[in-house]
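Working notes, beginning with the structure itself.
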Amino acid sequence: MSQNHDDVASRIRAKVTNALHPVQLELLDESDRHIGHAGHDGRGQSHFKLIVVAEVFEGKSRVERQRLVYGALAEELADRVHALSITARAPSELDAG
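Under the numbering used here, the sequence shown has 46 at position 36, and the numbering climbs by one with no breaks.
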């Protein structure tokens, strides 16, 4: 049985939600912008932009935040997802402008 086109994005959302308990999560599929580029195999859902705001990021560096996201998405990053742009912020950073 073939996978639904939304499965990768749904798995990303679910795994980030379960691991990081975000107060805000936005996931954009940018795969169509990469047609003909490395990592685009025609299946889609290979290039994403993730914006996530979570308490767990409070007091952590950019690298530590990215490691938390990468850890939650290790399976997707090892297989289908070729590129993931991450913006990870703590809720307190939203108030700072």
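Glycine residues also receive a C-beta, built at the ideal position from the N, C-alpha and C atoms. Source: prediction; values computed, not measured.
Can you give me the start and stop residues for the alpha helix (DSSP H) that L83 sits inside?
Per DSSP, L83 lies in no alpha helix (DSSP H) and is assigned neither H nor E.
Going by DSSP in three states, A93 sits in which element: helix, strand or coil?
It is a strand residue.
On a Cα-Cα basis, can you pick out the residue from S95, R99 and S102 that is closest to D39?
Out of S95, R99 and S102, S95 has the C-alpha closest to the C-alpha of D39.
In angstroms, rounded to a whole number, what distance separates the CA positions of K59 and Q34?
Approximately 14 Å between the Cα atoms of the pair.
With which residues is V63 paired in a DSSP beta bridge?
V63 is bridged to Q34 and R99.
Would you tell me roughly how many angstroms separate the C-alpha atoms of Q76 and A98, rounded to the nearest one?
CA-to-CA, the gap between Q76 and A98 works out to about 7 Å.
Inter-residue Cα distance where the pair is Y100 and S71
With the sequence shown as reference, residue 100 is identified as Ala, and Tyr is not the correct amino acid for it. Approximately 11 Å between the Cα atoms of the pair.
Whose C-alpha, out of S20, V63, N28 and A19, is nearest the C-alpha of G81?
Relative to G81, the option among S20, V63, N28 and A19 whose CA is nearest is N28.
Going straight from the alpha carbon of G69 to that of V63, what length do you get?
Straight across, the Cα-Cα distance linking G69 with V63 is about 13 Å.
Measure from the alpha carbon of V18 to the alpha carbon of each residue in V91, F67 and V66, then state which is nearest.
A check of alpha carbon separations from V18 across V91, F67 and V66 identifies V91 as the nearest.
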